[in-house]
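A.B. asks: Chains as they are written, first to last, in the numbering used here: chain P, 1 to 399; chain C, 1001 to 1377; chain L, 2001 to 2398.
Let me give you the structure first, and then I'll get to my questions.
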Amino acid sequence: MDMTFTPAEQAFRREVQAFVAENLPAPIARKVADGVEMTRDDMSTWMQILAKQGWLATNWEQKDGGPGWSTAQKHIFEEECAAAGAPDIIPFGTRMVGPVLLAFGTPEQKAKYLPGIVSGEMLWCQGYSEPGAGSDLAQLQLSAKLDGDEYVVNGTKIWTTQAHMADMIFVLARTDNSGRKQDGVTCLLIDMKAPGVTVRPIITIDGRHRFNQEFFDDVRVPVADRVGEAGDGWRIAKYLLGHERSNAAGVAGAVRMLKKLRAIAKAERAEGETLMQDQDFRRTLADVETRLEVLRMTAMRNLARASADKPVGAEASVVKLGMAEIRKDISELSMQAGAYYANPFDPKAIREGWGNQQPIGADYIFKLAPDYFEMRARSIAGGSNEIQKNIIAKRTLGL
Amino acid sequence: MDFELSEDQVLLQESVTRFVADNYSFEQRRKLVDTDQGYSDKQWSQFAELGWLGMPFAEDVGGYGGTPVETMVVLEEFGKGLVAEPYISTIVLGGGALVHGGTAAQQQELIPQVAEGNLKLALGFAERQSRYNLADVQTKAEKSGVDYVLSGMKSVVFGAPTANKFIVSARTGGAARDEGGISLFLVDADASGVSVRGYPTVDGMRAGEVTLDGVKVGADALMGAEGEGFGALETTIDYAIAATAAEAVGAMSALNDMTLEYIKTREQFGQPIGKFQVLQHRMVDMFIAHEEAKSMAMMAAMRIDDEDPNERRKAASATKVQIAKSARFVGQQAIQLHGGIGMTDEYAAGHYFKRLTMIDRSYGDGDYHLARFGAVS
Amino acid sequence: MHMNFSADELAFEQKVAAFVSENLPADIKDKVDRGIELTREEVRRWMEILGQKGWAATNWDKKDGGPGFTIAEKFLAEDAIFMNGAPKMVHFGTRMVGPVLLAFGTDAQKAKYVPKILTSEEVWCQGYSEPQAGSDLAQLQCSAELDGDEYVVNGTKIWTTSAHCADRMFALVRTSKEARKQEGITCLLIDLKAPGVEIRPIITLDGKHVFNQEFFDNVRVPVSDRIGEEGDGWKIAKFLLGHERSNATYVSMNKRNLRKLKEIMADQRADGERLADDPGFVRKLADLEQDMLATTTMAMRQLAAASADKPVGAEASIMKLRVMDAYKQCHELMMEAGAYYAQPFERGHIRGEANTEWVGPDYLYRMSPDYFESRAMSIAGGSHEIQKDILAKRALGL
Chain P
1 MDMTFTPAEQ AFRREVQAFV AENLPAPIAR KVADGVEMTR DDMSTWMQIL
51 AKQGWLATNW EQKDGGPGWS TAQKHIFEEE CAAAGAPDII PFGTRMVGPV
101 LLAFGTPEQK AKYLPGIVSG EMLWCQGYSE PGAGSDLAQL QLSAKLDGDE
151 YVVNGTKIWT TQAHMADMIF VLARTDNSGR KQDGVTCLLI DMKAPGVTVR
201 PIITIDGRHR FNQEFFDDVR VPVADRVGEA GDGWRIAKYL LGHERSNAAG
251 VAGAVRMLKK LRAIAKAERA EGETLMQDQD FRRTLADVET RLEVLRMTAM
301 RNLARASADK PVGAEASVVK LGMAEIRKDI SELSMQAGAY YANPFDPKAI
351 REGWGNQQPI GADYIFKLAP DYFEMRARSI AGGSNEIQKN IIAKRTLGL
Chain C
1001 MDFELSEDQV LLQESVTRFV ADNYSFEQRR KLVDTDQGYS DKQWSQFAEL
1051 GWLGMPFAED VGGYGGTPVE TMVVLEEFGK GLVAEPYIST IVLGGGALVH
1101 GGTAAQQQEL IPQVAEGNLK LALGFAERQS RYNLADVQTK AEKSGVDYVL
1151 SGMKSVVFGA PTANKFIVSA RTGGAARDEG GISLFLVDAD ASGVSVRGYP
1201 TVDGMRAGEV TLDGVKVGAD ALMGAEGEGF GALETTIDYA IAATAAEAVG
1251 AMSALNDMTL EYIKTREQFG QPIGKFQVLQ HRMVDMFIAH EEAKSMAMMA
1301 AMRIDDEDPN ERRKAASATK VQIAKSARFV GQQAIQLHGG IGMTDEYAAG
1351 HYFKRLTMID RSYGDGDYHL ARFGAVS
Chain L
2001 MHMNFSADEL AFEQKVAAFV SENLPADIKD KVDRGIELTR EEVRRWMEIL
2051 GQKGWAATNW DKKDGGPGFT IAEKFLAEDA IFMNGAPKMV HFGTRMVGPV
2101 LLAFGTDAQK AKYVPKILTS EEVWCQGYSE PQAGSDLAQL QCSAELDGDE
2151 YVVNGTKIWT TSAHCADRMF ALVRTSKEAR KQEGITCLLI DLKAPGVEIR
2201 PIITLDGKHV FNQEFFDNVR VPVSDRIGEE GDGWKIAKFL LGHERSNATY
2251 VSMNKRNLRK LKEIMADQRA DGERLADDPG FVRKLADLEQ DMLATTTMAM
2301 RQLAAASADK PVGAEASIMK LRVMDAYKQC HELMMEAGAY YAQPFERGHI
2351 RGEANTEWVG PDYLYRMSPD YFESRAMSIA GGSHEIQKDI LAKRALGL
């Protein structure tokens, strides 16, 4: 047992640090630091910078056009990007659609889509949830009916992260209503610019635009854009679930949030002392720090398992559950640190920054409450905490 | 980065697992802890033969050169069976104090005896007023010619009733709660002026109040430099935290296993109670608590020998905080899911719960270490 | 709407307090204070003192032979009795069997049992749970078969609190296996001295003897000791559930424990300072005290509702959940306050049989056992999970 990285891995860490420091555009770094919303341009710019270096599809093997990194390298890369304040990349292309195409796609599909994914030029989103199909995904109703060599798609998808930036959507659609619900689900790749597709933004309680609802009105999708056979959708969705990405970025993101919190606590004062000097606050802060340390250790254990090609199933859920909780708690503490100044709310400033305007209160405070509200969603999105626990109960505990 | 045990460590683990399976069924343990001594001399000799008593000590003083990872491996398995032999008091606390604070001569003389199973140690560091503060020492050691005279009382000294030698902290200088001025002394259990009031502890182990009434010891009983014993003591206790964390992880793992088995078989309302989602999620939370504790016990095993004392303190305190949380949750909920049967003395679950609860009452509780972690990080 | 007590009511509280101070035997008070287990004789001695004063059944109306207290008086009497050091007791006679007899008993049964309940001459326990019938009580199997004008009872009851101190048991037994499980259940009053009854102690992990298992081997019970008709047992058990007020007792217990905790905090020191001056510990205390204030207010509301003959249904479950959580938390803090001195444990001390010195201050010695005992509070008498099921069903209609 050994927790140190090899000299080669440490050298790699320095290489990543240097690259990000040199290549991350200052305005983007600034936006991330201020918690201002990214535009599509920002995302594309950064993703293409990484792609030129060959560092976008970090989880891909060399033969597929990826860097062929070890798990430790992937971990280091994510940790360093997050620590340097780079935005999280839009993961659906490289982390989800790409691996699915590599596993289930036809040679034509691979040729058509993989290059755009690796280069970061084509942005993807994924359409799973529907208004009537949340935790119980098998209820999904988006219908795709075969008409010659095209599917005609009608219905709606909701809670689609970053659909407003995406070129393509990977959807689960219903092609058969007759059998078991899971058996009638099919994967389709849909062009977001196709006639009949509309995207409606969903503004969340934090004032940000992250989620969307899409409506499909007689959208025609060539059969060539079906992944696998009709009815393979459920199996493919489960494959994706088992393809969990490393939680390193999440851990590093939380570390960054915590760093910010400490800075705030040193600046905010109560009773003439800084919050940092307040015993109760320090105790709460120490609690969050120890929990983060626990998650980091657990994430590293998972990483070691994955490197040894052992299955990481329930253990990944453990980190995911913990991360959702801890990010909520850090954002709540940060909001508490703001006291009355947690109240002012300027959605424009949150999405675009203050510009030439004078900030209300200290310039870091205005986004603390919105961050808290946004983090509240973390235990719902991507499989609610309750669903994660069902998974562990079933798969690991055999209940 | 590597979280796997080496081949030798796996062999060690297998041998401890086998020992626990053969000798520590719940009924066997119950009989053992109900005896006057509370543990078995025969098993202690067996530990010596298997090399477990010499394991963490350097080879040049008669040990086997094991690292804290080996200690973790042994104690995690011990925790699964709630092993009652005074391993922590003699090897981790007593032996640790010798390693971190003893002179070369003391190590050369005593460690081989410990490794052979012929010498049991106990470390007296707590006092009536000290709670968890290791620097709160009122026991005095006054110079008398070349000798020292020790007076005071050491509280809840683990393993005291059967220890042959004590290592105690005593003040040779400095004011109350100063770290400076604390010295460590070796004291024979049968020295004149030493009295031990032995008793069982809640978890079935043994401890005692050790009173030192004008105990005269020679200069060769002083460990290290006079007045500079605190660092060694603090280091030893941090090592004990790492070791106990592993024991707690083993106990939690056993407790979770028996709880899971119970909710799969206990039927109420026409089905196993494990079919109720509320209980499933509780069981999942217990599973998570154990996983988290295990991560930290591993981290402690890898970091506790860090040369930077602050890194060591951080690792020990962060680990102890997690153990406090996980052990409390797993212990309490295991009883809850078992219902009344879990409350009975005749059933194993309650005994695991008690040991886990007492681990939180040792070397500083969760709150204490949260404050310590906050102060050093 | 007000929560204040009148001068008369406060004078009443003083009167109760004075009575307890004068009449609670010093040996019992001392044992309670130090957490030592009471013997059967001690339990009965104190119950009889209360019974002779007419205060065993603080909840009874005058017409039934009780003191006829007002709501405020009921609350204050209970509180004053506990705060002056009386032992924690489950008054199965006055709180459970008595009300059931008054509601469902024959005149002959009332005449035979009620007076001795009021004076505590006879001590009762209740036999509900069985090894296979815990939360799912309808599974109970202890059988009673009619033979002439007697029932022949065979089977076992478990987790029976204080059965070893009791003369009689109020038991739920199965008289029919034909119908729906709930419909084959009947209430019997069983004399624990009858031939064929065996009581086996269950020692809990705190080392104490509170619970018991009873075995019934062809125990003969006259039909005249059946309450209601055959098959009425489930209905009567549900009546009792709605009548459950014993949890309010724990509000006073909590208050007394809180007082003890504060004494400990004033005495225990860390780094030379009293725990009472440690901000971390004070914050935990404040948290607990705030919880207790909420449960006290809730207890008063429920008492008022019950006295106005409004049904106390689901609200009783809220009370059980919150009051027991506070009870557990208070004991946990007392144990925490002990630090290393929470560890020594000699069973003899807890049971009052040891002649060695206490290790450390005597008030710390009992804290771990008390903590472990308190762990049962979210299991016994309807587990927390069952209470939440009841709330989900009855209060929320889920």
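For each residue, glycine too, the CB sits at the ideal point set by N, CA and C.
Quick one: which chain P residues come within Cβ less than 8 Å of residue 2283(L)?
C.D. replies: Taking the first residue of the third sequence as 1, we reach residue 2283(L) at position 283. Going along chain P in sequence order, the residues near residue 2283(L) (Cβ under 8 Å) are 280.
A.B. asks: Say whether the region 1102-1114 of chain C touches the region 1334-1345 of chain C, bearing in mind that this needs 3 or more beta-carbon pairs closer than 8 Å, one atom from each stretch.
C.D. replies: no
A.B. asks: Along chain C, in chain order, which residues have C-beta atoms closer than 7 Å to that of residue 318(P)?
C.D. replies: Against the first sequence, residue 318(P) aligns to sequence position 318. Close partners of residue 318(P) in chain C (Cβ separation under 7 Å): 1288, 1291.
A.B. asks: Residue 2215(L) CB to nearest chain C CB: under 8 Å?
C.D. replies: Numbered from 1 along the third sequence, position 215 holds the residue referred to as residue 2215(L). Answer no: the Cβ-Cβ gap between residue 2215(L) and chain C never drops below 8 Å.
A.B. asks: Please check the pair residue 71(P) and residue 306(P), which I expect to be a contact at CB under 8 Å, by giving their CB distance rounded to whole angstroms.
C.D. replies: Translated into positions along the first sequence, residue 71(P) becomes position 71. Translated into positions along the first sequence, residue 306(P) becomes position 306. Rounded, the Cβ-Cβ distance is 5 Å, consistent with contact.
A.B. asks: What residues are listed by DSSP as bridge partners for residue 2209(L)?
C.D. replies: Here residue 2209(L) refers to the residue found at position 209 of the third sequence. Per DSSP, the beta-bridge partners of residue 2209(L) are 2203(L).
A.B. asks: Measuring straight from C-alpha to C-alpha, what distance separates residue 196(P) and residue 139(P)?
C.D. replies: The sequence position of residue 196(P) within the first sequence is 196, counting from 1. The sequence position of residue 139(P) within the first sequence is 139, counting from 1. Taking the straight line joining both Cα atoms gives about 23 Å.
A.B. asks: Are there three or more Cβ pairs, one per stretch, closer than 8 Å when the region 1348-1362 of chain C is compared with the region 1242-1253 of chain C?
C.D. replies: yes
A.B. asks: Can you name the start and end residues of the alpha helix (DSSP H) that residue 2330(L) belongs to?
C.D. replies: On the third sequence, position 330 is the one that residue 2330(L) refers to. Residues 2314-2338.
A.B. asks: On the CB-based measure, 16 or more other CB atoms within 10 Å of its CB, does residue 149(P) come out buried or exposed?
C.D. replies: Sequence index remark: in the first sequence, residue 149(P) carries index 149 (1-based). It counts as exposed.
A.B. asks: With a Cβ-Cβ cutoff of 8 Å, do residue 1285(C) and residue 1217(C) count as a contact?
C.D. replies: As a working mapping, residue 1285(C) is identified with position 285 in the second sequence. As a working mapping, residue 1217(C) is identified with position 217 in the second sequence. Not in contact: residue 1285(C) and residue 1217(C) (Cβ atoms no closer than 8 Å).
A.B. asks: Ignore the nearest five residues each way along the sequence and tell me which others in residue 2332(L)'s own chain have a CB closer than 6 Å to its CB.
C.D. replies: In the third sequence, counting from the first residue as 1, residue 2332(L) sits at position 332. The answer, listed in chain order, is 2371.
A.B. asks: Output needed in chain order: residues of the region 2257-2291 of chain L with a Cβ under 8 Å from some Cβ in chain P.
C.D. replies: 2279, 2280, 2283
A.B. asks: Would you say residue 1254(C) lies against chain L (beta-carbon separation less than 8 Å)?
C.D. replies: Your numbering for residue 1254(C) matches position 254 in the second sequence. No, no contact with chain L.
A.B. asks: Which one of 144(P), 222(P), 285(P), 39(P) has the shortest CA to CA distance from residue 175(P)?
C.D. replies: On the first sequence, residue 175(P) is found 175 positions in, with the first residue counted as 1. Residue 144(P) is the option with its Cα nearest to residue 175(P).
A.B. asks: Please list, in chain order, all residues of the same chain as residue 2150(L) whose beta carbon is under 7 Å from its beta carbon, the five residues on each side excluded.
C.D. replies: Here residue 2150(L) refers to the residue found at position 150 when the third sequence is read from its first residue. For residue 2150(L), same chain residues with a beta-carbon under 7 Å away, outside a window of 5 residues either side, are 2220, 2221, 2222, 2223 in chain order.
A.B. asks: Identify, in the order they occur along the chain, each residue of the same chain with its Cβ nearer than 7 Å to the Cβ of residue 1070(C), setting aside the five sequence neighbours on each side.
C.D. replies: Start at 1 with the first residue of the second sequence, and residue 1070(C) comes out as number 70. So the list reads 1009, 1012, 1055, 1056, once near-sequence residues are dropped.
A.B. asks: Residues of chain L with CB under 8 Å from residue 283(P), in chain order?
C.D. replies: Residue numbering aside, residue 283(P) sits at position 283 when the first sequence is read from its first letter. The contacting residues are 2280.
A.B. asks: Please list the partners that residue 1015(C) has in chain P, where partner means a Cβ-to-Cβ separation under 8 Å.
C.D. replies: For the purposes of this step, residue 1015(C) is taken as residue 15 along the second sequence, with counting starting at 1. Chain P residues near residue 1015(C): none, gap ~18 Å exceeds 8 Å.
A.B. asks: Would you kindly work out how many angstroms separate the C-alpha atoms of residue 2353(L) and residue 2203(L), rounded to a whole number?
C.D. replies: Here residue 2353(L) refers to the residue found at position 353 when the third sequence is read from its first residue. Here residue 2203(L) refers to the residue found at position 203 when the third sequence is read from its first residue. Their backbone Cα atoms lie some 15 Å apart in a straight line.
A.B. asks: Please confirm whether residue 1242(C) and residue 1304(C) have their CB atoms less than 8 Å apart.
C.D. replies: The residue labelled residue 1242(C) in the question sits at position 242 within the second sequence. The residue labelled residue 1304(C) in the question sits at position 304 within the second sequence. Yes, they are a contact pair.
A.B. asks: Using a Cβ-Cβ cutoff of less than 6 Å, which residues in the same chain neighbour residue 1048(C) once the five nearest sequence positions on both sides are dropped?
C.D. replies: Locating residue 1048(C) in the second sequence gives position 48, counting from the first residue. Around residue 1048(C): 1116, 1117.
A.B. asks: From the DSSP secondary-structure annotation, give me the bridge partner or partners of residue 438(P).
C.D. replies: Nothing about residue 438(P) can be read from this structure; chain P reaches only from 1 to 399.
A.B. asks: Quick check on DSSP: helix, strand or coil for residue 1138(C)?
C.D. replies: Counting from one through the second sequence, the residue named residue 1138(C) turns up at place 138. Residue 1138(C): coil per DSSP, three-state reduction.
A.B. asks: Between 2261(L), 2374(L), 2377(L), which lies nearest to residue 2334(L) when the distance is taken from Cα to Cα?
C.D. replies: On the third sequence, residue 2334(L) is found 334 positions in, with the first residue counted as 1. The shortest C-alpha separation from residue 2334(L) is found at 2261(L).
A.B. asks: So which residues on chain C does residue 140(P) lean against when the C-beta distance must stay under 9 Å?
C.D. replies: What you label residue 140(P) is simply residue 140 of the first sequence in a count that begins at 1. Near residue 140(P) there are no residues of chain C at all, since even the closest Cβ is about 23 Å away, more than 9 Å.
A.B. asks: Are there 16 or more other CB atoms within 10 angstroms of the CB of residue 2120(L), so buried, or fewer, so exposed?
C.D. replies: Residue numbering aside, residue 2120(L) sits at position 120 when the third sequence is read from its first letter. Residue 2120(L) is buried by the Cβ-count criterion.
A.B. asks: So that I know if they touch, is there some Cβ in chain L lying closer than 8 Å to that of residue 1325(C)?
C.D. replies: Taking the second sequence and counting its residues from 1, one reaches residue 1325(C) at position 325. Answer no: the Cβ-Cβ gap between residue 1325(C) and chain L never drops below 8 Å.
A.B. asks: Residue 2222(L) bridges to which residues according to DSSP?
C.D. replies: Sequence index remark: in the third sequence, residue 2222(L) carries index 222 (1-based). According to DSSP, which records beta bridges pairwise, residue 2222(L) is partnered with 2150(L).
A.B. asks: From which residue to which residue does the beta strand (DSSP E) around residue 201(P) run?
C.D. replies: Residue mapping note: residue 201(P) aligns to position 201 of the first sequence, counting from 1. Element bounds for residue 201(P): 197-203.
A.B. asks: Considering only C-alpha positions, which residue in the set 2362(L), 2164(L), 2142(L), 2195(L) is nearest to residue 2338(L)?
C.D. replies: As a working note, residue 2338(L) is residue 338 in the third sequence. For the residues 2362(L), 2164(L), 2142(L), 2195(L), the minimum Cα distance to residue 2338(L) belongs to 2362(L).
A.B. asks: If we count the other Cβ atoms within 10 Å of its Cβ and call it buried at 16 or more, is residue 357(P) buried or exposed?
C.D. replies: In the first sequence, residue 357(P) corresponds to position 357, counting from 1. Answer is exposed; the Cβ neighbour count stays below 16.
A.B. asks: Among 2295(L), 2357(L), 2232(L), which residue has its Cα nearest to the Cα of residue 1198(C)?
C.D. replies: Walking along the second sequence from the start, residue 1198(C) turns up at place 198. Of 2295(L), 2357(L), 2232(L), the residue nearest in Cα terms is 2357(L).
A.B. asks: In the DSSP assignment, what are the bridge partners of residue 2127(L)?
C.D. replies: Stepping through the third sequence from its first residue, residue 2127(L) is reached at position 127. In the DSSP assignment, residue 2127(L) is bridged to 2171(L).
A.B. asks: Is residue 1001(C) closer than 8 Å to residue 399(P) when the C-beta atoms are compared?
C.D. replies: Taking the first sequence and counting its residues from 1, one reaches residue 399(P) at position 399. Taking the second sequence and counting its residues from 1, one reaches residue 1001(C) at position 1. In this structure, residue 399(P) sits away from residue 1001(C), with a CB-CB distance that is not shorter than 8 Å.
A.B. asks: So which residues of chain B does residue 373(P) contact, with C-beta pairs closer than 9 Å?
C.D. replies: In the structure shown, chain B does not exist; the protein chains are P, C and L.
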